[in-house]
Every structure is written in structure tokens, then in C-alpha cells.
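Okay, so here's the structure we're looking at.
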Amino acid sequence: MTKEERYKNVLSYFETNVGLAETELKYNNPFELLVAVILSAQCTDKRVNLTTPKLFKDYPTPVAMASTNSDVIFSYIRSISYPNNKAKHLVGMANMLVNDFNSQVPGNVDELIKLPGVGRKTANVIASVVFNKPTMAVDTHVFRVSNRIGLTTNAKNPLQCEMQLIKFIPEHEVTRAHHWLILHGRYVCLARTPKCNECGIKAYCKYFEKLNAKQIKIKSVKPNVKLISNGKKNKTKNSVKKAGKKSS
Ligand code: SF4
Numbered sequence: 123m124t125k126e127e128r129y130k131n132v133l134s135y136f137e138t139n140v141g142l143a144e145t146e147l148k149y150n151n152p153f154e155l156l157v158a159v160i161l162s163a164q165c166t167d168k169r170v171n172l173t174t175p176k177l178f179k180d181y182p183t184p185v186a187m188a189s190t191n192s193d194v195i196f197s198y199i200r201s202i203s204y205p206n207n208k209a210k211h212l213v214g215m216a217n218m219l220v221n222d223f224n225s226q227v228p229g230n231v232d233e234l235i236k237l238p239g240v241g242r243k244t245a246n247v248i249a250s251v252v253f254n255k256p257t258m259a260v261d262t263h264v265f266r267v268s269n270r271i272g273l274t275t276n277a278k279n280p281l282q283c284e285m286q287l288i289k290f291i292p293e294h295e296v297t298r299a300h301h302w303l304i305l306h307g308r309y310v311c312l313a314r315t316p317k318c319n320e321c322g323i324k325a326y327c328k329y330f331e332k333l334n335a336k337q338i339k340i341k342s343v344k345p346n347v348k349l350i351s352n353g354k355k356n357k358t359k360n361s362v363k364k365a366g367k368k369s370s
């Protein structure tokens, strides 16, 4: 299967079987999504969604969040991973939005990554989800799943993975493909134990191809294993006989 065919089949499967796919983070405007994505680094969306309603209620705008300090924000997000750093990032990000961006979330990746706590992945999520740009945010799920399926080859880091994916995925499908790959990694192609047998794209997956080839190989060498074990048994019997002869 060529790479183009693999992409075509995988995307067509997701299109037919998943269709609409969106972020599982809850938000009402670009600022809330930005806060939620910053909080979601190394943390589950579920946990973030439990934390953000009160934070959004009390600090609904960049101006409101910039007017407080990180100790206060920490008290809202203490149950989230890395709360100290994230609290500092949120206050810093809100201040920069107020001072440099007229309290508006920018839509450009190069501007977004200037904000404290915003790396390339977060910037791509905002550009894609809020501003409909064909940017591919590569998180741990996207990175792992793309590599396993064979959508990427020898991608050493998220940037290489991103570049390979956007080369083959049509622009109008990039945003949905990002969510498809995340959801697939979260619920089917799990990091430790991928659920290959119930996976709808196993027919197009390189990892599954290799797994199958391995199993076929193991099956085909099994008879030899039996022969060897019989041989050993015989050898043992012969050795006993020989030993008996010697002692008599
Ligand atoms: S077949 Fe297995 S490894 Fe491949 S995408 Fe599906 S779950 Fe992941």
C-alpha cells in the first residue's frame, strides 16, 4: 500500500465512521479555550473540565485574569498537574493579551507562541479550532497513532510529525484529522495496549501488518519447536540407557 493510499483509506474510514470530531474541552470563547488548552498539558480533558467552570466564572476575560496573581489562580487549579507553573503562565498570558493584543486572542501561530505557556501544539489547536486554519497540533496521541499506522515515517519529534501529516492530509480535513487521531489514540490505539482486534483501520495499519507477520512467523516455527523438544526427550532416554549400560 502506498502512503497516499494509506492516508486515503484512513481518512475515509474516519470520515464515514466518526465524522464530526471536536475537542472534548469545554469553553465558550477563544480566551476560555486558550486557558483550557494551557491547563490540559499533561492532564486529562476531564479533569480540566471539572476545574474550569469556577475559574471562568470568576475570571472571564483577559483583563480580569491579568488583575489577579498566580497564587489566587493556583487555588483554583490546584488539582491539575503542574499547578504552580500553569498559574504563572495563565496570569502572564492574560497580561500579554491585555498589553500586546488588545485583549484579543491572536489567530496567528507565530503570535500565539509568544504567549506564556503557549507552545506550538497549543498555538496550533487555537489556530485550528478557533480560526479554522489548517494547522495540525501534535500531542502524544497524534504522534503515537500516526507513527503506528504508518502515516509518518521516522518522525523524531512533534514538528517532524506535523510536517509529514500536513503534507498528505488535504487542507480542509486537517482540523478534523487532528481530532480523529486524538480520539483514536485516547479510546482505541492506547499507548500500552492498542485494541487492534476491534480497530476499524487495522487493514491500513503498518503496526498491525507487522504484528500479523510476526504471529504468522511464530506459527510457522512452532512445529520445529516440537521437534526439538521431542529430540531432547529422545536424547534424555538414550542418555539414561547409555548411563544404565555403563553402570552395569
Ligand atoms: S490496528 Fe492497532 S496499532 Fe493500528 S491503529 Fe488500530 S489499534 Fe492502533
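Residue numbering for the sequence shown is 123 to 370, as defined by this note's numbering. Glycine included, every Cβ here is placed at the ideal spot set by N, Cα and C.
Tell me, to the nearest whole angstrom, how far the beta carbon of S134 is from that of V185; I am working on the premise that it is less than 8 Å. Going by Cβ atoms, the distance from S134 to V185 rounds to 46 Å, so no, they are not a contact pair.
Among T138, F330, Y149, S201, which one has its Cα closest to the Cα of I271? F330
Touching or not, the stretch 125-139 and the stretch 226-233, by the rule of three or more beta carbon pairs under 8 Å? no
Start and end of the alpha helix (DSSP H) containing Q226? Neither: Q226 is in no alpha helix (DSSP H) and is coded neither H nor E.
Return helix, strand or coil for C327, following the three-state DSSP convention. coil
Separation of E320 from H301, as counted between CA atoms: 19 Å
Report yes or no: do the stretch 196-213 and the stretch 145-164 share at least 3 C-beta pairs separated by less than 8 Å? Under the three-pair Cβ rule at 8 Å, the stretch 196-213 counts as touching the stretch 145-164.
Under 7 Å, CB to any heavy atom of the ligand SF4. Which residues pass, going along the chain? V267, R270, I271, H306, V310, C311, P316, K317, C318, C321, I323, K324, C327, Y329, F330
Quick check on the burial criterion: 16 or more other C-beta atoms within 10 angstroms. Buried or exposed for N246? buried
Compare the C-alpha of V231 against each of I248, M215, P238 and name the closest. I248
In this structure, does DSSP put C311 in helix, strand or coil? coil
Report the rounded CA-to-CA distance for R298 versus L305, giving the unit in angstroms. 11 Å
Is DSSP giving F253 helix, strand or coil here? coil
Three-way DSSP call (helix, strand, coil) for A188 in this model: Helix, per DSSP.
Of all the alpha helix (DSSP H) runs that stay within the bounds of the stretch 137-183, which reach a length of 4 or more residues? 152-161, 167-180
Would you decide whether G141 is buried or exposed? Buried here means 16 or more other CB atoms lie within 10 Å of its CB. exposed
Return the chain-ordered list of same chain residues with a C-beta closer than 7 Å to the C-beta of H263, the five sequence neighbours on each side being excluded. L303, I304, G307, R308
Count the other C-beta atoms from every protein chain shown that fall within 10 angstroms of the C-beta of A325, then say buried if there are 16 or more, exposed otherwise. By the 10 Å Cβ count, A325 comes out exposed.
Would you kindly work out how many angstroms separate the C-alpha atoms of C283 and E144, rounded to a whole number? 21 Å
Compare the Cα-Cα distances from R169 to each of E146, N150, T190, T183 and report the closest residue. E146
Put V260 into one of helix, strand or coil per three-state DSSP. coil
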